[in-house]
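In the working numbering, the protein residues as written are 12 to 352.
Every residue gets a Cβ at the ideal spot worked out from N, C-alpha and C, and that includes glycine.
It should be emphasised that the depicted structure is a prediction, and the values quoted were computed from it without experimental measurement.
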Ligand code: NAD
Ligand code: UFG
């Protein structure tokens with residue numbers, strides 16, 4: 012198949028690119044490089060021995076996007092491109108709505124105009140909003156109590172896509188709700204390397220290991236969980252990437268929605284222990300009050316994806332930590348730091 016990946020040089024897009032190239036699909040990666048580097052394309056080629064096409068375009072630049080579609084033809088689009096920093100979205104809501112919602116509308120319009128009506132969209136568990144449930148299932152109501160403009164932008168795009176599919180039966184759309192992606196390709200050649208200061212647990216652990224942040228602050232030890240710290244459903248990014256291949260193989264008319272998660276919760280303390288086990292060294296950390304907006308548990312019920320997509324996670328948090336160490340060892344900045352063996 013001839014596939015377009017928007018946000019294709021980003022963290023999840025680059026891992027999906029590897030899986031798809033390994034299956035001999037033809038790929039074009041489109042990105043504005045606002046949160047990724049063009050060197051990712053060479054790394055993808057090094058891993059797969061195949062070269063995807065790369066094009067630098069901003070989804071907000073409608074004329075360039077239309078020119079691009081005029082000269083290319085695709086069977087399917089996987090739409091990863093978007094801004095994703097929750098905290099930043101609270102400070103700059105208009106930038107987030109413009110980039111994520113308007114960028115997506117521009118893409119869907121261009122696709123529609125050129126008769127490309129197969130789409131996989133990167134959504135998030137955040138659309139379920141803040142609520143205390145053991146596990147999230149796809150039939151639960153979405154859109155209530157979402158904690159950030161980022162999260163609401165994902166909800167809005169999901170709604171737009173439902174309306175689009177209702178307006179035209181030719182659309183085949185899969186909404187994939189990711190839980191917490193971690194880890195990287197076992198080669199250590201690609202991984203999460205965000206520009207700016209991260210807020211998420213794993214990128215912070217990596218910065219502490221590199222000596223760029225003095226310690227990890229564990230937010231909240233008095234949650235109603237076994238060890239008092241929050242539980243999240245961490246999913247290895249290679250498993251997540253394979254979820255896109257599965258979704259692609261089972262695309263059907265209308266909108267289908269799937270949770271991509273493991274179904275297992277891991278606590279913040281367990282994450283620290285798993286990293287320490289992989290590295291063989293203690294990770295500097297301290298305990299701090301709860302982070303505003305956090306909830307005790309966000310865990311997927313992945314039964315629908317298991318059943319309908321014939322997909323399930325196969326890699327563990329332990330695998331993700333091992334692969335993260337490999338990635339860190341290959342990062343030039345890490346070589347000077349004696350933390351990383
Ligand atoms: P990422 O930032 O690494 O990748 C996103 C890519 O999109 C970046 O390379 C960025 O440069 C590009 N981009 C942003 N705005 C663009 C625009 N207007 N035009 C063209 N390119 C643009 O993020 P990621 O972790 O790979 O996430 C991919 C998708 O998955 C995002 O939509 C994100 O919201 C979603 N998601 C991520 C997580 C997570 O924890 N990583 C969880 C749930 C959902
Ligand atoms: N945490 C710390 N210290 C830190 C950073 C995080 O203790 O320095 C804790 C958080 O309090 C939370 C856990 O680590 O308990 C995971 O936090 P992340 O920020 O990595 O992830 P969240 O689950 O809070 O949020 C992410 C996305 C959301 C999305 C959600 C889906 O940022 O948009 O995953 O599960 F909704």
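Check your understanding: Exposed or buried, residue 17, counting other C-beta atoms within 10 Å across all chains shown (16 or more means buried)?
Key -> Along the chain shown, one-based indexing puts residue 17 at 6. Buried, since its Cβ has 16 or more Cβ neighbours within 10 Å.
Exercise for review: Taking only runs that begin and end inside the region 246-294, name each unbroken alpha helix (DSSP H) of 4 or more residues, in chain order.
Suggested key: 248-260, 279-290
Review point. Hey, is residue 137 close to ligand 2, as in C-beta under 6 Å from one of its heavy atoms?
Key: Taking the chain shown and counting its residues from 1, the one referred to as residue 137 is at position 126. Under cutoff, so the answer is yes.
**Study point:** Residue of 118, 202, 108, 153 minimising C-alpha distance to residue 175
**Key:** For the purposes of this step, residue 175 is identified with residue 164 of the chain shown, where counting begins at 1. Residue 118 is the option with its Cα nearest to residue 175.
Point to revise | Inter-residue Cα distance where the pair is residue 167 and residue 268 | key: In the chain shown, counting from the first residue as 1, residue 167 sits at position 156. In the chain shown, counting from the first residue as 1, residue 268 sits at position 257. In a straight line, the C-alpha of residue 167 is about 15 Å away from that of residue 268.
Exercise for review: Output the boundary residues of the beta strand (DSSP E) element that contains residue 64.
Suggested key: In the chain shown, the residue the question calls residue 64 occupies position 53. Looking at the DSSP string, the run of the beta strand (DSSP E) that includes residue 64 is 64-67.
**Study point:** Distance cut-off 6 Å: residue 243 Cβ against heavy atoms of ligand 4
**Key:** With respect to small molecules bound, the structure shown includes ligand 1 and ligand 2 and not ligand 4.
Check your understanding: From 209, 77, 219, 244, pick the residue whose C-alpha is nearest to that of residue 293; which is it?
Key -> In the chain shown, the residue the question calls residue 293 occupies position 282. The shortest Cα separation from residue 293 among 209, 77, 219, 244 belongs to 219.
Practice item. Answer with buried or exposed for residue 24, where buried requires no fewer than 16 other C-beta atoms within 10 angstroms of its C-beta. Key: Here the question's residue 24 lines up with position 13 in the chain shown. Label assigned to residue 24: buried.
Review point. Per DSSP, residue 29 forms a beta bridge with which residues?
Key: Position 18 of the chain shown holds residue 29. DSSP lists no partner for residue 29.
Review point. Under the three-state reduction of DSSP, which class applies to residue 210: helix, strand or coil?
Key: Looking up residue 210 in the chain shown gives position 199. Residue state, collapsed to three classes: coil.
Check your understanding: Hey, would you say the C-beta of residue 246 is under 6 Å away from at least one heavy atom of ligand 2?
Key -> Position 235 of the chain shown, counted from the start, is the residue given in the question as residue 246. No, Cβ of residue 246 sits at least 6 Å from all heavy atoms of ligand 2.
Check your understanding: Quick one: complete beta strand (DSSP E) runs, 3+ long, within the region 90-121?
Key -> none
Practice item. Going by CA-CA distance only, name the one from 173, 306, 195 that's closest to residue 58. Key: Counting from one through the chain shown, the residue named residue 58 turns up at place 47. Of 173, 306, 195, the residue nearest in Cα terms is 195.
Review point. Which first and last residues belong to the beta strand (DSSP E) in which residue 299 is found?
Key: Position 288 of the chain shown, counting from 1, holds the residue named residue 299. Counting along the chain, the beta strand (DSSP E) containing residue 299 begins and ends at 296-299.
Check your understanding: Mind checking whether the beta-carbon of residue 190 lies closer than 6 Å to any heavy atom of ligand 2?
Key -> Residue 190 sits at position 179 when you count from the first residue of the chain shown. Yes, ligand 2 has a heavy atom inside 6 Å of this Cβ.
Exercise for review: Please confirm whether any heavy atom of ligand 1 lies closer than 6 Å to the CB of residue 273.
Suggested key: The residue labelled residue 273 in the question sits at position 262 within the chain shown. Flag unset: Cβ of residue 273 not near ligand 1.
Review point. Exposed or buried, which one is residue 34 when buried takes at least 16 other CB atoms within 10 Å?
Key: Locating residue 34 in the chain shown gives position 23, where the first residue counts as 1. Exposed: under 16 other Cβ atoms inside 10 Å.
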